[in-house]
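Notes to accompany the following structure.
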Amino acid sequence: MGFENQEATLPAIIRTISRTVLSVIGAELAKHALLLCAACAFVFVLSRTYGLDLSAGFF
1 MGFENQEATL PAIIRTISRT VLSVIGAELA KHALLLCAAC AFVFVLSRTY GLDLSAGFF
């Protein structure tokens, strides 16, 4: 009776869950990549300004 209906909807449910998980993983990956780029840029700026006099009297 209801087995045929369940058989048809199970692949649809699995596809939906799979797409949701992949989109969340993609968003998390993009966020972490952006944070890594920001950290690299911060370290680069720090390395370029090492030893530069940025005291209040300089301005």
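In full-length UniProt numbering, the protein residues as written are 1 to 59. We treat Cβ as the ideally placed atom computed from N, Cα and C, and that holds for glycine.
Consult DSSP for residue i and reduce its assignment to one of helix, strand or coil.
i     : result
Glu18 : A small fix is needed here, since residue 18 is Ser in this sequence, not Glu. Three-state result, Ser18: helix.
Gly26 : helix
Leu36 : helix
Gly57 : helix
Thr9  : helix
Ala52 : The question names Ala, but residue 52 in the sequence shown is Leu. Correct three-state label for Leu52: coil.
Taking the C-alpha atoms as reference points, what is the distance between residue i and residue j?
i          : j     : result
residue 61 : Cys40 : The requested residue 61 is not part of the displayed model; the chain covers only 1 to 59.
Cys37      : Ser18 : 28 Å
Phe42      : Ile25 : 26 Å
Leu54      : Leu34 : 28 Å
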